[in-house]
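A.B. asks: Please see the structure below; I have some questions.
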Amino acid sequence: MSPQVMVTLPHILRPKAGNRAQVPVAGQTVRELIDALDQDFPGIRFHLCYETGELRPFVNVFVNREHIRYLQGLDTPVPEGAKIYILQSVAGG
Amino acid sequence: MTQHTAYAPGTTVLLVGTKRGLFLCSSRDRAKWNIEPTGLQGQPVFYAIVDQRDNCRLFAAENTEIFGSFIHYSDDFGQTWQKPERGIQFSPESGEKLVNIWVIEAGRSSEPDVVYAGIDPASLWVSTDRGCTWEPNTAMLSHPTRERWDPGNGGLCLHTIIPDISNADRMWVGISAVGCLRTDDGGQNWVFANKNTRASFLPTMYPEFGQCIHRLVQHPTQPEVLYQQNHCGIYKSNNAGEDWVDIQQNLPSEFGFPIALDSHHPETVFVVVEGEGRHNIDGQFTVYRTTNAGEQWEQLTNGLPSGPAVRLGVLRHGMCADTHDPCGVYVGTKTGQLFASRDRGDSWEMIADFLPPIYSVKAAVLD
């Protein structure tokens, strides 16, 4: 059974999730969490990832405060009860 | 055709795409302008059009800085927007990824449900259901030279689409820095149309492809006639792009981005050429006009800023003309100024000085 976690969404994507800041999602890895999010909120994956599968460059995912860039990327395992944060970089101008 | 009710017939509408959203300017007399934000705010909108073929559906290309690029459409002049059921998005198997949506153009009057879009990575996308679903043109994606296409500074962008008004099978596109391509068979095959246009930055001055075309327009009554503004020159073709003639003449620079045409007097063409800093040459912001199809150009400066610190630049989609006679000409700058002329450029007025950097200006005169 895949772990159930709470995912905190960035403000700009909350309208896609019924204006909720946090949503419960199940998945063994971050990639599976994104797949599950896309099942529940169709189209949300394209906001987070390119068609080729990789995360968009200014989209950051944290598993319990650790950036997945320094873990196993989208294949980072998701522990039961973990707090997942999807945040946008402070970038642009 | 269903009539819209938002604006009186004859109203001139400008859609102004900016770094921070889409704005709509409207005027009954082109003297007094109402400027409003649309419902698309906060993110870059590269381009937007009013499709006047059926109740003025608006289309906009939003390229968010973080969370992807999307086409939106609106049936209430921009107050509310919808995304397509199936938007511009490559299949996972394609190996391609959408970078930016650069341009949207309505199809011909003979194809009322067709809308076209150009994107980076350079490809043409087509909707045959008024923007609800989109598919790529596969012939362009599999062009035999595609692996040798190199991007311009702004990306490998298909930024101009010209559906031939006289021939439903013929179309031209402009791609930076690949050049002009033409199809004569409804998009099944694409040939280069770059003969005699320079690529001064390449080892070969006149290559088959690799030119940095900036913008292209078609003569409204002589469909074989095209004008282009290129990184390396201003050109005219009298034979559908088979070859091109340099019409820089007395213009002070070969470099510029936008080009626009007076649809009632199509030998009248407008450009904004620039210096090395990609802004006005010397201290006078200038629009240039030819009234004899490029034999001679005149400077239009009446009402345009002048001074030692004036540095205004205009991007490729930042100028357009409306379809009134005398035509209106509209120029939006990279620093957020919007200039309008209602007398073919003889005189100008700054109608906004407070917008975000302007990416595109597109005019429509409503029926």
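In order, the protein sequence lines correspond to chains A and B.
Residue numbers for the first sequence follow numbering that gives the first Met the number 0, beginning at 0 and rising by one.
Residue numbers for the second sequence follow numbering that gives the first Met the number 0, beginning at 0 and rising by one.
Beta carbons: idealized from backbone N, C-alpha and C, even for Gly.
Can you grab the Cα-Cα spacing for the pair B:P356 / B:Y115, in whole Å?
C.D. replies: Reading the second sequence from its first residue, position 357 is the one you call residue 356 of chain B. Reading the second sequence from its first residue, position 116 is the one you call residue 115 of chain B. Between B:P356 and B:Y115, the C-alpha separation is close to 25 Å.
A.B. asks: May I ask you to list the residues that DSSP assigns as paired with A:C48?
C.D. replies: The residue labelled residue 48 of chain A in the question sits at position 49 within the first sequence. In the DSSP output, where bridge partners are listed per residue, A:C48 has A:L54.
A.B. asks: Can you pull the chain B residues whose beta carbon is under 8 Å from the beta carbon of A:G52, in chain order?
C.D. replies: Looking up residue 52 of chain A in the first sequence gives position 53. Going along chain B in sequence order, the residues near A:G52 (Cβ under 8 Å) are P91.
A.B. asks: Excluding sequence positions up to five away, which residues of its chain have a Cβ less than 8 Å from the Cβ of B:P83?
C.D. replies: Your numbering for residue 83 of chain B matches position 84 in the second sequence. Result list for B:P83: I70, Y72, S126, G130, C131, T132, W133, in chain order.
A.B. asks: For B:L299 versus B:V286, is the C-beta spacing smaller than 8 Å?
C.D. replies: Taking the second sequence and counting its residues from 1, the one referred to as residue 299 of chain B is at position 300. Taking the second sequence and counting its residues from 1, the one referred to as residue 286 of chain B is at position 287. Contact: yes.
A.B. asks: By Cβ distance, which residues of its chain are closer than 7 Å to B:G106, with the 5 residues on each side in sequence left out?
C.D. replies: Taking the second sequence and counting its residues from 1, the one referred to as residue 106 of chain B is at position 107. Cβ within range, chain order: V113, V114, Y115, P162.
A.B. asks: Tell me whether B:F200 is buried or exposed, calling it buried when 16 or more other Cβ atoms sit within 10 Å of its Cβ.
C.D. replies: The count along the second sequence starts at 1 and reaches residue 200 of chain B at position 201. Exposed, by the Cβ-count rule.
A.B. asks: Taking its Cβ as the centre, do 16 or more other Cβ atoms sit within 10 Å of A:S88, making it buried, or is it exposed?
C.D. replies: Mapped onto the first sequence, residue 88 of chain A falls at position 89. It is exposed - the Cβ of A:S88 has fewer than 16 other Cβ atoms within 10 Å.
A.B. asks: Have a look at B:P111, B:I48, B:C179 and flag the residue whose alpha-carbon is nearest the alpha-carbon of B:D242.
C.D. replies: Position 243 of the second sequence holds residue 242 of chain B. Cα-wise, what sits closest to B:D242 is B:C179.
A.B. asks: When the cut-off is 8 Å and only beta carbons count, does B:G65 lie next to chain A?
C.D. replies: As a working note, residue 65 of chain B is residue 66 in the second sequence. For clarity, residue 65 of chain B is Ile in the given sequence; the question names Gly instead. True, the Cβ-Cβ gap to chain A drops below 8 Å.
A.B. asks: Cβ of A:P76 less than 8 Å from any chain B Cβ?
C.D. replies: Taking the first residue of the first sequence as 1, we reach residue 76 of chain A at position 77. No, because no Cβ of chain B sits closer than 8 Å to the Cβ of A:P76.
A.B. asks: Which same chain residues, not among the five before or five after A:F45, have their C-beta less than 7 Å away from its C-beta?
C.D. replies: Start at 1 with the first residue of the first sequence, and residue 45 of chain A comes out as number 46. If we look at A:F45 and ignore the five residues flanking it on each side, it has no Cβ neighbours.
A.B. asks: For B:L354 and chain C, any beta-carbon pair shorter than 8 Å?
C.D. replies: The structure shown contains no chain C; its protein chains are A and B.
A.B. asks: Are the CB atoms of B:V364 and B:T11 within a distance shorter than 8 Å?
C.D. replies: On the second sequence, position 12 is the one that residue 11 of chain B refers to. On the second sequence, position 365 is the one that residue 364 of chain B refers to. For B:T11 and B:V364, yes; Cβs fall inside 8 Å.
A.B. asks: Could you name the residues of chain A that B:K96 contacts, counting a contact when the two beta carbons are closer than 8 Å?
C.D. replies: By one-based count along the second sequence, residue 96 of chain B stands at place 97. Those are Y49, E50, T51, listed as they occur along chain A.
A.B. asks: Going by CA-CA distance only, name the one from A:G42, A:I85, A:R30, A:P41 that's closest to A:G72.
C.D. replies: Your numbering for residue 72 of chain A matches position 73 in the first sequence. Ranking A:G42, A:I85, A:R30, A:P41 by Cα distance to A:G72 puts A:R30 first.
A.B. asks: Who are B:F76's beta bridge partners in DSSP?
C.D. replies: If you number the second sequence from 1, residue 76 of chain B lands on position 77. Beta-bridge pairing links B:F76 to no other residue.
A.B. asks: For B:A176, tell me which candidate among B:G151, B:S165, B:A198, B:M170 has the shortest Cα-Cα distance.
C.D. replies: The sequence position of residue 176 of chain B within the second sequence is 177, counting from 1. B:A176 has its Cα closest to that of B:G151, out of B:G151, B:S165, B:A198, B:M170.
A.B. asks: Closer than 9 Å, Cβ to Cβ, to anything on chain B: give me those residues from the stretch 1-26 of chain A, in chain order.
C.D. replies: P9, I11, L12
A.B. asks: Return the CA-CA distance between B:D366 and A:M5, expressed in angstroms with no decimal places.
C.D. replies: Counting from one through the second sequence, the residue named residue 366 of chain B turns up at place 367. Counting from one through the first sequence, the residue named residue 5 of chain A turns up at place 6. The alpha-carbon atoms of B:D366 and A:M5 are separated by roughly 52 Å.
A.B. asks: Suppose contacts are defined by Cβ-Cβ distances below 8 Å. Is B:W296 in contact with B:N249 by that definition?
C.D. replies: Position 297 of the second sequence, counted from the start, is the residue given in the question as residue 296 of chain B. Position 250 of the second sequence, counted from the start, is the residue given in the question as residue 249 of chain B. Yes. Within cutoff.
A.B. asks: May I have the straight-line CA-CA distance separating A:Y69 from A:Y84, to the nearest angstrom?
C.D. replies: Residue numbering aside, residue 69 of chain A sits at position 70 when the first sequence is read from its first letter. Residue numbering aside, residue 84 of chain A sits at position 85 when the first sequence is read from its first letter. Per the coordinates, the alpha-carbon of A:Y69 lies some 15 Å from the alpha-carbon of A:Y84.
A.B. asks: Going straight from the alpha carbon of B:W124 to that of B:F89, what length do you get?
C.D. replies: In the second sequence, counting from the first residue as 1, residue 124 of chain B sits at position 125. In the second sequence, counting from the first residue as 1, residue 89 of chain B sits at position 90. Their Cα atoms are separated by approximately 10 Å.
A.B. asks: Between which residues of its own chain and B:N229 is the CB-CB distance below 7 Å, once the five residues before and five after are set aside?
C.D. replies: In the second sequence, counting from the first residue as 1, residue 229 of chain B sits at position 230. Closer than 7 Å at the Cβ level, and outside the excluded window around B:N229, lie T196, Q210, C211, I212, H213.
A.B. asks: Is the separation between the beta-carbon of B:I246 and that of A:F57 shorter than 8 Å?
C.D. replies: Residue numbering aside, residue 246 of chain B sits at position 247 when the second sequence is read from its first letter. Residue numbering aside, residue 57 of chain A sits at position 58 when the first sequence is read from its first letter. B:I246 is not a Cβ neighbour of A:F57, given a cutoff of 8 Å.
A.B. asks: Going by beta-carbon coordinates alone, are B:L13 and B:G77 separated by less than 8 Å?
C.D. replies: The residue given as residue 13 of chain B occupies position 14 in the second sequence. The residue given as residue 77 of chain B occupies position 78 in the second sequence. Against a cut-off of 8 Å, the Cβ pair of B:G77 and B:L13 comes out as no contact.
A.B. asks: From B:A362 to B:D321, what distance separates their C-alpha atoms?
C.D. replies: As a position in the second sequence, residue 362 of chain B is number 363, starting the count at 1. As a position in the second sequence, residue 321 of chain B is number 322, starting the count at 1. Taking the straight line joining both Cα atoms gives about 5 Å.
A.B. asks: Taking only the alpha-carbon atoms, compute the straight-line gap between B:H218 and B:C326 and give it to the nearest angstrom.
C.D. replies: Translated into positions along the second sequence, residue 218 of chain B becomes position 219. Translated into positions along the second sequence, residue 326 of chain B becomes position 327. Using only the alpha carbons, I get a separation of about 15 Å.
A.B. asks: Which partner residues of B:C319 appear in the DSSP bridge assignment?
C.D. replies: On the second sequence, position 320 is the one that residue 319 of chain B refers to. Its beta-bridge partners are B:Y329.
A.B. asks: With 16 other CB atoms within 10 Å as the buried threshold, where does B:P143 fall?
C.D. replies: Here residue 143 of chain B refers to the residue found at position 144 of the second sequence. B:P143 should be labelled exposed.
A.B. asks: So, with DSSP's three-state summary, where would you put B:M170?
C.D. replies: The sequence position of residue 170 of chain B within the second sequence is 171, counting from 1. B:M170 falls in the strand class under three-state DSSP.
A.B. asks: Below 8 Å on the Cβ atoms is my guess for A:V24 versus A:L32; work out the distance and round it to an integer in Å.
C.D. replies: Stepping through the first sequence from its first residue, residue 24 of chain A is reached at position 25. Stepping through the first sequence from its first residue, residue 32 of chain A is reached at position 33. A:V24 to A:L32, Cβ: 5 Å. Contact.
A.B. asks: Determine whether the beta carbon atoms of A:R55 and B:G67 lie at a separation below 8 Å.
C.D. replies: On the first sequence, residue 55 of chain A is found 56 positions in, with the first residue counted as 1. On the second sequence, residue 67 of chain B is found 68 positions in, with the first residue counted as 1. Yes, the Cβ-Cβ distance between A:R55 and B:G67 is below 8 Å.
A.B. asks: Between which residues of its own chain and B:R341 is the CB-CB distance below 6 Å, once the five residues before and five after are set aside?
C.D. replies: Translated into positions along the second sequence, residue 341 of chain B becomes position 342. Excluding sequence neighbours, B:R341 sits near R29, G327.
A.B. asks: Which of the three DSSP states, helix, strand or coil, is assigned to B:E64?
C.D. replies: Your numbering for residue 64 of chain B matches position 65 in the second sequence. In the three-state scheme derived from DSSP, where H, G and I count as helix and E and B as strand, B:E64 is classed as coil.
A.B. asks: Taking the Cβ atom as the reference point for each residue, do B:R27 and B:S108 lie within a distance shorter than 8 Å?
C.D. replies: In the second sequence, residue 27 of chain B corresponds to position 28, counting from 1. In the second sequence, residue 108 of chain B corresponds to position 109, counting from 1. Going by C-beta atoms, B:R27 is not nearer than 8 Å to B:S108.
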